[in-house]
Each structure stands twice: as C-alpha cells, then as structure tokens.
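Protein chains: 8
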Amino acid sequence: MSPDAVKKLLEDVQAGTVGIAAALEALRGLPFVELGHSTVDTHRALRQGFPEVIFGLGKTVAQIVEVARALGPEANVLVTRVRPEAAAELTAALGGVHDEASRTLRLVRRPIVPRGRGPVAVVSAGTSDQPVAEEAAVTAEMLGNEVDRIYDVGVAGIHRVLHKTERLRRATVLVVVAGMEGALPSVVGGLVGKPVIAVPTSIGYGASFGGIAALLGMLNSCASGVTVVNIDNGFGAGYAAALINRREEVA
Amino acid sequence: MSPDAVKKLLEDVQAGTVGIAAALEALRGLPFVELGHSTVDTHRALRQGFPEVIFGLGKTVAQIVEVARALGPEANVLVTRVRPEAAAELTAALGGVHDEASRTLRLVRRPIVPRGRGPVAVVSAGTSDQPVAEEAAVTAEMLGNEVDRIYDVGVAGIHRVLHKTERLRRATVLVVVAGMEGALPSVVGGLVGKPVIAVPTSIGYGASFGGIAALLGMLNSCASGVTVVNIDNGFGAGYAAALINRREEVA
Amino acid sequence: MSPDAVKKLLEDVQAGTVGIAAALEALRGLPFVELGHSTVDTHRALRQGFPEVIFGLGKTVAQIVEVARALGPEANVLVTRVRPEAAAELTAALGGVHDEASRTLRLVRRPIVPRGRGPVAVVSAGTSDQPVAEEAAVTAEMLGNEVDRIYDVGVAGIHRVLHKTERLRRATVLVVVAGMEGALPSVVGGLVGKPVIAVPTSIGYGASFGGIAALLGMLNSCASGVTVVNIDNGFGAGYAAALINRREEVA
Amino acid sequence: MSPDAVKKLLEDVQAGTVGIAAALEALRGLPFVELGHSTVDTHRALRQGFPEVIFGLGKTVAQIVEVARALGPEANVLVTRVRPEAAAELTAALGGVHDEASRTLRLVRRPIVPRGRGPVAVVSAGTSDQPVAEEAAVTAEMLGNEVDRIYDVGVAGIHRVLHKTERLRRATVLVVVAGMEGALPSVVGGLVGKPVIAVPTSIGYGASFGGIAALLGMLNSCASGVTVVNIDNGFGAGYAAALINRREEVA
Amino acid sequence: MSPDAVKKLLEDVQAGTVGIAAALEALRGLPFVELGHSTVDTHRALRQGFPEVIFGLGKTVAQIVEVARALGPEANVLVTRVRPEAAAELTAALGGVHDEASRTLRLVRRPIVPRGRGPVAVVSAGTSDQPVAEEAAVTAEMLGNEVDRIYDVGVAGIHRVLHKTERLRRATVLVVVAGMEGALPSVVGGLVGKPVIAVPTSIGYGASFGGIAALLGMLNSCASGVTVVNIDNGFGAGYAAALINRREEVA
Amino acid sequence: MSPDAVKKLLEDVQAGTVGIAAALEALRGLPFVELGHSTVDTHRALRQGFPEVIFGLGKTVAQIVEVARALGPEANVLVTRVRPEAAAELTAALGGVHDEASRTLRLVRRPIVPRGRGPVAVVSAGTSDQPVAEEAAVTAEMLGNEVDRIYDVGVAGIHRVLHKTERLRRATVLVVVAGMEGALPSVVGGLVGKPVIAVPTSIGYGASFGGIAALLGMLNSCASGVTVVNIDNGFGAGYAAALINRREEVA
Amino acid sequence: MSPDAVKKLLEDVQAGTVGIAAALEALRGLPFVELGHSTVDTHRALRQGFPEVIFGLGKTVAQIVEVARALGPEANVLVTRVRPEAAAELTAALGGVHDEASRTLRLVRRPIVPRGRGPVAVVSAGTSDQPVAEEAAVTAEMLGNEVDRIYDVGVAGIHRVLHKTERLRRATVLVVVAGMEGALPSVVGGLVGKPVIAVPTSIGYGASFGGIAALLGMLNSCASGVTVVNIDNGFGAGYAAALINRREEVA
Amino acid sequence: MSPDAVKKLLEDVQAGTVGIAAALEALRGLPFVELGHSTVDTHRALRQGFPEVIFGLGKTVAQIVEVARALGPEANVLVTRVRPEAAAELTAALGGVHDEASRTLRLVRRPIVPRGRGPVAVVSAGTSDQPVAEEAAVTAEMLGNEVDRIYDVGVAGIHRVLHKTERLRRATVLVVVAGMEGALPSVVGGLVGKPVIAVPTSIGYGASFGGIAALLGMLNSCASGVTVVNIDNGFGAGYAAALINRREEVA
C-alpha cells in the first residue's frame, strides 16, 4: 500500500466516505489465505505479475491439491518436482498436463500471455542435464516466454556450442545448464552480450560432490554477466529469466 | 563473423574483388591484441556492447597501465580492485578518477551513454558491505545506468527495508549485497517483481567462513527470481545488472 | 549432594545415628539404573525438573520399552523420533498416544503441571518444516508449556510474518524453525525482545547441504539474542524453551 | 503500532482531532536515524528493552563515534570488538571505559537497572577462552545482570568443574565458553537444570579449524537444553542470557 | 630378513652348503599367497604376532571364504563387518561363531593365548555406540586380551562415568567409543594415567555429519595421551589396544 | 580445418571449381550428429584417434543404443558404467560382450590396432578396488594397449609391491588405483621413472569421505610425476594412459 | 578417592580420631590451585604419573611463568610451543633450557627417571616435519624415555625407510610424523608389530589444506594398529608414546 | 637390484671372486646420503633418469645449499619455490641463474640433453597464472624439453584459444594452467588428441577457495585424457610432462 493510497484512505475517513471498520480492514487486508499447513500468497500475481508456482518436493498430493485450489479456479498453475508416482493422482484431482521430462504439472486455464522481449535460450551441456534444463524451459514458457532449446553442447567438443553462436546471440536471456565441471556458462557468457543464468546440476560422480564442482565453477566464471542459481534449480533459472525478459507493457 | 559475412566474402573472392590473401586474413582476423602477459580482447565492446573492465587484483601497476593503453586512447576504462597504494601511480600514468569507497579507477574519455531501461537499485545490509555495494554501483554507472543506493537496511530491523519498498519497486533490476546470514535478498525478492542479483560478502566472523554462510543462504533463497554471484563480486553484479537493464535500441 | 548434606551425614555417623554401611551407601547412591545396553538416569527429574525423554532413533522397540519401564509406572514419558512402523508395537506395549506429525509417543500418566511464565511460540517458515516444528511444540507441551503455533510464514512473503507480530510479542520465548536459507529467525529476532531459539531443518536441496545452509545462516544471524540448536533438533529447541520459560516456583 | 493504536488514530482523524499530515506521519514514523553509512535503530530500546550495541569490528573510529552519538547523549552504550589501537581515540571522543580483557568500551551515563532474575554464570574451559568469556560477562552486566565468572574448568580435569557445581546451580542461566573439543557445555548442561548457552571459541590449532570442532561438538551436545551461538560470539551469548534472565516487571 | 641372516646365508653359499637356487629362493621368499583378487599376507602372524583379520565390507562371501582358507586350517581368524545376510553362508562354509552385536565371525581353532599385561577397558557413551564398541572388544579378546566393558556412560550424566573411575583405572589401556560430540575420551583421559584410544562413531544426525563432529572433538581433546582412529573403526581400536597391551614375553 | 585447407578452398572458389554454396557448406561442415537428446561427436576418432566412449551412467538403455548406432556400424564402441540390470537388454540390441568386473560393454567390430609403445601396468591396492582397476584396464585394451594387471599390493604390506618392481619398471605408463589413504601411487612413483596416473577410489568408510582421503593423498603425493583423475574414474585413467602410450606412427 | 579410603575415613570419624572439619576437608580436598586466569592441576603428577606440561601457545610470558611456579620449585616442567621472541624472557625468569628445534623450554630440576620399556622411535617423512618430530621426541625424553630419531625417510624413496627396518623394530612404540599425503605411518605400521602413533603435519600446500590431507590419510591407514593425533601435535604423540611405553614398576 | 644381479653376485661369492663383506655391502648399498636433516636420494638420476629437484619452500638457505652440494659438483640442479629474499644468498653460494617469473634457481653445469619426442605446450588462462605456468615450463626445459608457451587464453574469450589450435596440436603433451573455474583444460582436451596435464592455481577470490574450484573443475573435466596435479604445482606438471614426453633412447 503506497503512501498516496494511505493518504487517500485517510482523506476518505476524514470525509466520512469510508467508515473506520472498512479503513481498518483496508489497512490490514492481508494478501494470503491460511490453509493450516500452508499460507498461500494469493496476491503474488499482483505483486510479481506471475502466479504462485507450487514446489512439489516434500508435499503430499493432498497438500498440492489444496494449495492449487486455493489459487482459484482460473489461475494458471505450475507444479514442479512432481514425483512420477504422484502424477496420475494429481492430474485426476486437478486436470492439467503432466510432463515427465521436466517433472512438472501444468494447469493452463487461461491463454498464456506472451510477455518476453525475445526468446529465452535454454542451453545444456550433456544428455543427463535434460530434466533440469526442461524444468527451466517449461517454467519460462508458462510465464509467457518463447524458449529456444540448445542441448548437449558441452565444452569438450567446443565446436558444438560454437556452431550455435547465432541462436545463442538471438536470445535476450540465456539459461545455461551444466554438471561436472560446469564450464559451459563461461564459454557462452563470452560469446554473447546478454544475461546468462547458470544452473549447476548434480550430474557427475566422485569429486563432483553432487554438483558442488559445477556450482563453484560457475560462481568463479571468468565471463562477466553470469549469475548462478542453486544446484538443479531449473525452476529458479526459468523464473529469473522470465523476470529479466519481461516486456514492460505486459508486466 | 556471421554466415552472411562469410558468404559475402566468398562472393567477393569469386568476383575477384577480394584477393585470397586478404580473404584469408579476414577469416583469420582475430579480435585481440597480444601483450605477452595478457591477450587483450579489443572486440569485446563490439561483442558485448561494453568496454573491457580491468580486474586490478593480482596485476602490477605496469600491467594495468599497459592493458589500459591497449584498449585505445578513447575507450572508457574501469579498473576494479585498485589497491590504495597503487592508486596514485595509476592516476599519474593514466589520468582518471580514483574512488576509495569502491576501490575503482575510472577513465571517462567519452560521455557515458545512458543505456538503462530504468534505475538499478543497489541495496546493502550493513555498513561493512559498502565497498562491495559501491563496486557494483560504480560498475553499473560506468555502463550507462542510473543507480539508486539503498544502504544499511538489513533484516534484523525489518522496518528499515520495508520503508524503502517504493524505491525498491521503482528499480528495473536490483543488486542486493549482504554478509553474515545473507537474508536480505530473500526479503527484497519477495517484495518486488524484478530480477534480484544477490551478492554475498565476506563480512562476518566465525561460522560465516569468509562469506560461505551468506553465499549458501542466497543460493537457497526461498524467493523466486534471485540469482547469485561470487562472494564480494560487486563488479560481476553491476555488470549483470547492466546487461539485464540494457535498452534494446542502445545495445 | 551438597557440602551441608555431607556435613550432616558425617555428624550423624559421629553421633552413631547412621551406620557406616548406610553412610557409605548414601555417599555412593547413584542416580541411575543399569540395563546393560543403557544406563537410565532416573534422578534427572530431580536434577533438572523434567523426566527423561527417550530419543527413539537408533533404538529397537524392545530397548525403548525397557527404558520407558525403567522410568517407573507413574512417570510421564516422551519418546521422540518414533519410526511410523514401530508406533503400533510401542503403543501396544506401553500405551500412550502416538502423534504422526511430530513423530512422538506420549505417555501422560499424571497431569502435566503448567510450568511456563507465558506462551512458547513455535514459528515455522514452510510447510515442510512442520515435523520439526511439531516435535518442538509437543516437547514444550509435555514439559508444561502452552504453545502458540505460527506456521508457514517464511521471509519471501514478509507480510505473512509481520501480520503475526502481536502473537510473536506475546510469547515469552520463541522457537523459530526454518530450512533453505534459514532467514526467519533473524527477522523474528528483530521484531521481538525475547529469547529466540533457531532450529535449522534439512529441508532444501542442492546447496542446502542437508541443512548446513540454514544452520550457518542462523549462527550468523544479525539479530541479537538468537541461539541455535542442531539441524532438525525440534526436541532440543522445545526442551531449551521449557527451561527458559520455567516459572521459578514450579521448577 | 498495534491495531488498537491504528484504530484510535483513525477515530481521531474522523473526529478531526488529528490532521491528515499528522496521521500520515504517525503511520509512517520510522524508528531509525539515517547516517548515510548506517541506519541507526533508535527505537530498539523500546522494542527490545536494551540499547543498541555497536559491533566495532570493521567500523572506523569515526563511524563508531557517529553511531554512538546518534543513540543520544543519555544512552548507555556498549561497543564490542574494540581494536586496542582505536581505544584511546574512542575514549577521547566519547568518554567511557575501555576494558582490554573483553575488548569493549562502556559508556555508562545512567545507572544500569538490575534486570535479572538471578545470577548469570559465565563458565570457561581454558585460559585462552577468557576474551570471549569476558565479552559475554561484560555484555550481560551492561544489560543489568549480576555475573558469576567460573574460569578454566575444562573437562580434562573434570574435578575442577564438579567442584563448582553449587555455583553453577545457583545461576538462572549459564554461558559456557570453550574451544578445542568444546565438551564443557555438555558436562555443565548435565549438571544443572537451567538454560545453557554454549559459545565455541577459535582457540585450538590443526583440526580445530578455527572453532569448527568446538561448534560441532556443541551443536551435537548430548545434554538437553544447550543452545549455541557463533564462534567467538561472546556478545551474542551475553545478550541472549540477558533476554532469558530478564525479570518481567523490568522488561 | 636381518643382515645377520643374509650374512649367514652368504657364508653357506660360500661354503657350498647352500646352492645358488636355494639361496636365491631364500632371498626372494615372499611372505604372501596370491589368490588373484587378493594377496594374502600369511607372514603377518610372524611379523606382527597376530593373524590377519579379514575386513568383510565390500568382499563377497566367496572371497572371504577363500581368504580365510588361505590363512591355513589352524589359524584363528576374525572376520569383521559381516553383513547379517551373509552370516549363515559364511558359518556354513567356514564354521565359527557369528556375533550379531559386533558384526564379527570368529574361527577359534587354537586356544587364544593370553597376551595382555592387564585388562583392556572398552567404554561407550551411548546405547547406539554398542556395535562399534563390541567390534573393539571382540577384536581385543581374539588377540588375547581380557576386556572390561563399561557402556552407556556419556558425559551429559557425568556421575555415570565418575562412578566407574576405579574400573577405568584398573585397565592398562582404554578404548573409548562415542558419537555425537565425542567428549567422553577427554573426560576419561583426564581421569586415568593410561593410553586412551578414542573411536568416533557415526551416531548422531544433522551437524554430526556422519561422525565428523565426534572425530574433530576427539582430535582436539584437551586431555593428553588420547589418540584417535577412523570413524566407526572398532576393529582398529581393538587391534591398537592389543599391540599396546602386549606382554613382551608373548609378543 | 587447417589454414592450408581454407586457403585451398578459397583458391577453388576463385578458380570456380567449387561453388559458393559448397564452400559455405564445407566451412560449416560440423563433425557431429544431432540426436535430440545427444550431440554425437563422430569426428572424435579423427581428432583424437580413438572412437567415442559412451558413459553409461545416467543414460537410458534406449539412449545408449541410439548413440552407439550413431557411431556407425563399423565402429568399435566401449560403453562404461553399465548397470548390471541393463546389460542383457544392451547386448540384445547391440551385440558385443558385457564384462561384469569392469562394468563395461565392448563392441569390437574391427580388429583393435596395437597402438602402445609398451605395456600399461594397472596396479591396485586392495581387492575392493578391482572394478575401478578393471575399468581402466579394459579401456586401455580397447584403445590398443597391452595391459599388465598387478592387483592387491597395498602399502601396509610393502613387500608385496616391492616384489613386483621389475614388472612395474617394464611398463611405459602406470595406472595406480587405491582407496582408503591412497598411498600406493607415491610408493610406485618413487620406484619407477615412468608416468604414473593415480586413481582414487571410493573404497573406505568414515573419514575416507567417499574417496576424498585417497584423492587428497594422491594430489599431495611426494613422488614427482604422479597425476590424478577423479574418484573411481578408471575410464579416464585408462584413456589418459592410452594417449601417453600411443606410438607416433599409429596415432 | 577410593571407596575403601572413604570407608576408612568414615570409620575414623566414627572412632573420633578424625574430626568433622578434617573429614569434610579430606572429602573436599581439591587437587588444583586457582590462579584467576588458570586452574593449575597440581595433582596430575599423582594421577597420571607425569608433571603438567604447559602449552605455551596463546599464553603470555607472565602467565607461563606464574603457572610454572605454581607447579612448585622442584617440579620438572616442559613448556611447548615457545615463541622464539619469548624464549629469552622465559629462561631469565624460570631458568631451564630453550630448544629452538622443538620450540620447547625444559626445566629439569630433578633427574628424569627412566620409565620406558624400550626405545621410542620418532620417524619423520621430510625435512620440514622436523619441528613437530622434535616436539614429540623432547616430550618423550622429558617423560623418561629413550628416543631413536629416524628422519627424512618419506615413502617416495621407499628404500630409505626399508633400510631402517631393524631400528624401527627395536622400538616398543613408534611416533611417525608426516605431512603432504601422510603415507609413512601405513608403511611403518606394516613393517613392525608395535603401536604406531601417526602425527599429520601442516607441511604442504594447495590441496594439503593445512594438514587435512595427511590427517585423512592417516585415519584411513590400511595398516592395523595405527592411531592418530591432531595436526602438528608432536607433544600429544610424545605423551601418548610415554604412556604406552611406561614400565609398570615406575608408573 | 634385479634378480639377475643378485644371482650373479651369489655366483661370484660361490666362486670366491667376491668376498662376503663386499657382497654384504653390495646387497645393502643404499642409494642415499644422510645429512641429518635430509636424506638425499643420489641415485634418483639412475632410477628415474632426472636429477633430484630441490623443493625450496620451508627449507633454509643453508639446507638448500647443503642438499645441492650433496648432489655432486657436476649435477644439474633445479631449486623451485625460491623466496625472492633468498635468491641472492643462494646464487652467491651455489652460482646458477635465478628466475623471478618462475621462482626457480637453475644450476646448469652440463649441457641439458634434449629428451623430448616433441614440444611441450604450456598453456595458461590468465595473466595471474603466469608464475605457475613458468614453473612448469622451466621444469620441463631443465629436463630436456622444448617448451611452447601459450598464455592468457582463458575460455571467456574462446576465440583466443581456438586461434592457437595448430600450436596446441603440434605439442606431444600439454600442461594447461588455470585458476578461477578451471575450464581451460576441458576445452583444450577436446581440441587435441594428446595427454593434457591440468594445473589448478590459487588465483581467484571468494568461492574459488584458494584453488578448490579450479581443482574440482579439472577433476570433473568432461574431456577424456585430462589428468590433474595439486593446486599451484607447476613443477609436478612439468615433471610429469617430461616423463610422458621422454624419448625411449635417451631415457
């Protein structure tokens, strides 16, 4: 609530056009719904321009369903990290489309409004990084972006990524997903003049330490303009890409 | 070199308007200058739209001067991590302005073209985070952005940051700098619907482990849209903010 | 045994009212029962004012039953970390109430004496933190405290926790449970002037490292008066809260 | 500002006894003073019942002086982590007493009101832990507590701490400071039925890893009711002890 | 082979009483048997005075059987870390006694010669440390030592271990087993003037990090004379105790 | 594509013997095949002289089969980290030989050309290191090398490895595989004047931390000429050994 | 105080031969002297058979002098980790001999009673490990042991240590000191049938991590009977060796 | 000593042409010189074909001089990690050439015999990696190799390294030096079919953790044939390169 809004409210109270109870309510009006186990943030769509996304990991099917319903019957909803064994039950209860590759459930009840200033490139280093890359891609698409998938172009065969230079440069923002040594964002970041969001994955073994090697590699990237999200956090990267890519007029 | 450019070059060769030696040269023409110790990337301005920034840490004064000169007499140059004791020598050799708070040297030879779509907010949690915050702010300014500094608004006195909500929301991109537990980006990320770049600082002691606590906190932020750079990497955050904020027409 | 008690005992020996064997016994009288596998501390109730709590993790059902019985038929007993598959067998052997949410078994044979100076607030950041929060809440209740549960008020939607400020301030001690970046105790600690016990949880993935991120965040809290217990240690937090909250007259 | 206060304010506006500007101001009135580098939280005394303590580490003498003055001429002020070489300059500017053992500067302008329900015991394991123990002790004293210092009673000579059992039991809250393996809080926690705040110190070498060994030992304490603060954080322990020990009638 | 033995051999060659082939063989004679997958060290009994112990973890039943047989039909053999599901098959093939508590298989074909100078005390902190303690105890027994088991005497109830002081002091060497904060060896080491071998266990959760907390605690023990073995390495502790305790005349 | 080749191509364009489209194609011709999920590098045989090896971990059977087929019907193919349960399906689809010890599938369609300058010794410390050692050995054999396996010669029985000195010295390159403390490469590296590739394994428990102890031991080897690969990376060691051992004339 | 002694005391009280005050005193009599900063354990000589050793690190010269004096004018005293710049002042105040190589000060006022059953071998891997090795050697000597120094016999030149096999085998206990990969104790442990105390040193760089690599190597030693002390803890190793080596009749 | 040599010696003893004392001596003859502090391995030249290199770090000037002299007046000697302040003293005592860039002292008394099969490429990512790269280059040169230095070609400007592809491919072995994210070896390893030795450097800040990020990146390299040495270990890489590159006929 902006100071101007508060001033206007106070003037209305002074003028008698708004009663005390109503004013008190307006000053207090809290943008969330309490479910007991969860406090659903229904105003986030207003505040950030996107609906709430439900992080499926560690939630029961019942909890996911309840939260999804609390968002209202017309909301577009994205559930991430859907366990394969919960997918059928969820789609039965909520409808929508389950996508195995990205481990997501999508409920598209209203047309997705295109919001991006240009394509979001989702780039991955290896075959095994695909689930994380797809989570990023699907998230960006749900938030109104066109996505260009450029997969399996890791740095050990550097010509593979160089060959894609034009597509990389066409993107307005790039999500680069890699496990093992996590070097791909540095190379991509050096090739383009656009924001690069690096996503380390837990792909690897031994001294990859579940993605720490890739994470450290990306944090120490010698290419300027690279920022990093948590290990395997495809959703976070897709969401950040959507925020970056958002056209002002549809924000 | 784009495919179209190569096609054009080949057509010129076929037509005889370009000789073989010249064509070979063109295909080979490499956008860097070799200094022995450094290979200066003079085409980066073309490739990314910004001049090369010189990372001062671990370079001798002579090396910095040589690299700065290799960028040409008209380039705007930013030197970061300038050691206080090297500042006088550097300004004597290169001119420019040394700024102690941000540990930078700025050589502004041409007017800085405004490139941002809106203000970049640089937000910091504590007094001691200021050098990193200033490095981010100065970098963003050098790259053509208006910067709104919002300092010392850490989460232990949550009303301090809440009071700044309007200014936070006016920014098109936010750089949030914090040491210790690094919680500020989560709070800011929840308040705004804009990209947040989190910068952990090495401020703290004991189990802050030189910034690891803040870094982990930021990577695990429960607010969507937060991305992270290396500990104390104010430059990287300012650079990424500039890439994100860049108006298409001046890219 | 206090010096005065020893002095009294010696005087009794000197006076002949206590025999040597009895005195020796008194000086030796050890406040525990040996079960072979365990040495049950039956005097803890005297020493700390609370009964022994049985940590169920890593104990067989038979061991838990034997320890519970060694505490005497009238003791109130709390078993924590009860494996779901052991619950039926335990309640069959011991009676009592198994609570799935907190993973506890409670044997309430005598009325629980109210011991607190005020309510203990148990605050949690997310839905998945609930088992740990409930373990803290149930422990505090078993030890004679009124508990006020304030759940799912993580910092990414800061208005959720701010809305609860009055309830937070009414508590005499607060247990704040959070995973991921563990920022909630800092915010709560800044809002209230009461002891805050922070409990990191293992909720998260990737660089949360099984709760290390939250643990470090809490140890580095910029809010004064925050103390921390082990990852997922809801019991420890509830127990410490009870010690802090205890009214002198019922200690 | 409580809902009742807001309601009252609105009624006053409605009644015309409070003007819009004044009401707006009241709703906005922010409890801090902006110094540019710092945002001093002058209302903390109200909110938490104690004055702000200035953490001296990483602040210039000028910054400390400015913050101390912003707290007002009558405030009792505690500056911690005072560098020995800054002490003279600080006392010249601010007055007060510098204490080398605890690395603090105390400005006691008004009598310190006794606030504790009983003595705070500050217990240390070894000679080298003394600076941290003293920081805790001085902090607790400044906040109105009687402190009982019990030093150099580490567990390798277990009779030393056992001999102090009566004094330990007289305390209403205990701060236990130890480096190396950090075992003392477990032993003390088992001897008393009171809240124990464990403070790991960076004392040790090799695999003590700057206090990590002690920190982990304390977090894994097998004694119930032990909570932990950051390595070397004597101030935090003293502050938490004061919060725990506070008599309701003087809160 | 000692220099004297070599000298004697050479003299025999010179004298013609030993042929070249035999001498070459003697100089080469290698004290091991090659099984393909394993190179069994049959002379270790000679070299160290004890038979080889077979570490069962990561070996197939067939491999264990083959190695056990290679040690000869009269050797006393100890197999450690026997998986419960492999026990029946192993005893069927080799005979011997499987002990679940210590996870060992013992083949006692010859009377075990008493070798110790006094009893070995095996001391444990908690019920869950028992498997590791038993592995140490059984190992020491197999190597000819009398073992005094003192279990569940962790430091949180310090009177439990103090009550055992006399038994602790009677031992010539002590193995002290503890998980969580690993403080027991420090207390025991301070009570006795004998070698203490500390064994950290992986018992604990959260910040115990699988035994790291206990390991670090023990390495930083403030009691002199404490040495440490790997996490859960009951065998190693029992073996070292046997080496320390060995009477010279039976070495 | 070498500069000479480019020059030749340009001359052909100039001479009209190559058309623009063809030249453009030649300049672009990319040495890989896109499969959607994977980008198979078919020219690696040219570039490095060996066929692509398929890392089986984290790939579905269908993906492995598709990649194997993309390498062409005449290629020799090595699949590593074959899950036992996938072996039958893979051999049904592709033919070839599955080897359980090394967890590999080998498709030898053309005679393997001997490429080594001498034997590659693969040395292992313990029985449990065998799968990693075999992966190295099989890889080296598939790449045209004779392999000398020297197994179970760990340093605790130092005579075992010393006895093999002659065989160690005959090798032109040595792969030394060890878990636990990883000391074998130091000893071997001191015995021979040849390149030693050290492979830490995850064999061990407790403070071996899944191979970190062995990895650090090998990185800190006091023997010159030792280089290290990732934990359990038998393939990488075998591949590097093959590169080192390669005869120039068959490269 | 043993139960028998207590019984005897009680009988004396009953008999009137000991008064209450005296008995109380006897039961209380505490074996330490309080110095304010330190609580000197004067009875340790009785309890463990050795005088207290003063750990010099982190103590002022004045504190060391005061503690040394509290031990009595006839005690043999060993001060370890003596800073070179404090040596002159200490010897001026206390007398004794400062030894630079071991960083110790020795006050030998009474003849050192030989206490060992045989020689203690102190073995080191490299030249730089000497200070730690000497600390161990001097400690063992002060506690009544003959020491055999075997230095610079690291495993990269394995013949160096093999050449010393006879001397190694003559020792009754061995202290083995090594930095870098810390492999020497494994080799020595395999050569002898005696207790081996391994001391990791902080010698090394990069991935030696200040001695962690050596520490982990030693904890994972494949040789049975190896126990480990803290990084650089020469004193602890020498002390443990003395405890192990002690002849019963002089204990 | 080979079996054949032993056989021959025994035959000589049998034949009386070699006396017992001489034979004993020959069997014992140990290839090292004992200096007290060091045991110089004079036969390493024989055993490995290269002279001993003296690691200067942590040795006094006197110790370095003594070791250098023990290697004989005709030996070529390389001293690494020469502290700048020790250089003058060392060259005064030993002669030779001090090179600041590589921190080495070279004593070339005999012509260096070319031993390589081709050039060794030493490749570095950034200006600050130069000291480590030069240590590798100088080591390789001292051991008889031609070195091709290719510096400052980090992956953020990928065209820099691609432009050097031909020179990279001409080398028979490559040493690739990089700090920060350590990605260069992966790219180089993908471009060439030759052994690549990766050297992580401690260049970087924050989450580079003194070279850990680069080390992990290199250990997880997705390019086959990459092996790794310790952080900043230029010497080790140069030495390994020389072993790999050695022509058989000059070994």
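Chains as they are written, first to last, in our numbering: chain A, 11 to 261; chain B, 11 to 261; chain C, 11 to 261; chain D, 11 to 261; chain E, 11 to 261; chain F, 11 to 261; chain G, 11 to 261; chain H, 11 to 261. Built from N, CA and C at the ideal position, the CB exists for glycine as well.
Compare the C-beta of residue i against all C-beta atoms of chain G and say whether one is closer than 7 Å.
{"i": "serine 218 of chain F", "result": "yes"}
{"i": "isoleucine 168 of chain F", "result": "yes"}
I need the straight-line Cα distance from residue i to residue j, nearest angstrom please.
{"i": "valine 89 of chain F", "j": "arginine 120 of chain F", "result": "16 Å"}
{"i": "arginine 127 of chain A", "j": "glycine 29 of chain B", "result": "42 Å"}
{"i": "alanine 252 of chain B", "j": "alanine 252 of chain A", "result": "17 Å"}
{"i": "arginine 179 of chain G", "j": "alanine 247 of chain F", "result": "38 Å"}
{"i": "leucine 81 of chain F", "j": "valine 63 of chain F", "result": "10 Å"}
Got a sec? Which residues, its chain only, sit under 6 Å from residue i by beta carbon, not counting five neighbours each side?
{"i": "valine 132 of chain G", "result": "Ala143, Ala146, Ala147, Val157, Arg159 and Val185"}
{"i": "serine 138 of chain H", "result": "Ile213"}
Is the shortest distance between the beta-carbon of residue i and the beta-carbons of chain B less than 7 Å?
{"i": "alanine 33 of chain F", "result": "yes"}
Could you check whether the Cβ of residue i sits closer than 7 Å to any Cβ belonging to chain D?
{"i": "serine 112 of chain B", "result": "no"}
{"i": "aspartate 242 of chain G", "result": "yes"}
Within the 7 Å Cβ cut-off, does residue i reach chain F?
{"i": "alanine 188 of chain H", "result": "no"}
{"i": "threonine 237 of chain H", "result": "yes"}
Does the beta carbon of residue i come closer than 7 Å to any beta carbon on chain H?
{"i": "aspartate 158 of chain B", "result": "no"}
Should residue i be flagged as near chain A, meaning a C-beta pair shorter than 7 Å?
{"i": "isoleucine 30 of chain D", "result": "yes"}
{"i": "serine 196 of chain H", "result": "yes"}
{"i": "glycine 246 of chain F", "result": "no"}
Looking only at its own chain, which residues have a Cβ that is under 8 Å from the Cβ of residue i, when we skip the five neighbours before and after it?
{"i": "arginine 221 of chain D", "result": "Looking at the sequence shown, residue 221 of chain D is not arginine but glycine. Result list for glycine 221 of chain D: Gly189, Pro210, Thr211, Ser212, Ile213, Gly214, Ile241 and Asp242, in chain order."}
By Cβ distance below 7 Å, which residues in the same chain neighbour residue i in space, the five residues on each side in sequence not counted?
{"i": "arginine 91 of chain F", "result": "Phe65, Gly66, Leu67 and Arg113"}
{"i": "aspartate 162 of chain G", "result": "Ser134, Gly136 and Thr137"}
{"i": "lysine 204 of chain A", "result": "Ala181, Thr182, Val183 and Leu184"}
Since residue i and residue j are thought to touch, with beta carbons under 8 Å apart, how far apart are those beta carbons, to the nearest angstrom?
{"i": "valine 71 of chain F", "j": "glutamate 99 of chain F", "result": "5 Å"}
Any beta carbon of chain C sitting closer than 7 Å to that of residue i?
{"i": "serine 231 of chain E", "result": "no"}
Cβ pair count under 8 Å reaching 3, the segment 105-115 of chain F against the segment 163-179 of chain F = Touching, no, given that fewer than three Cβ pairs across the two stretches are closer than 8 Å.
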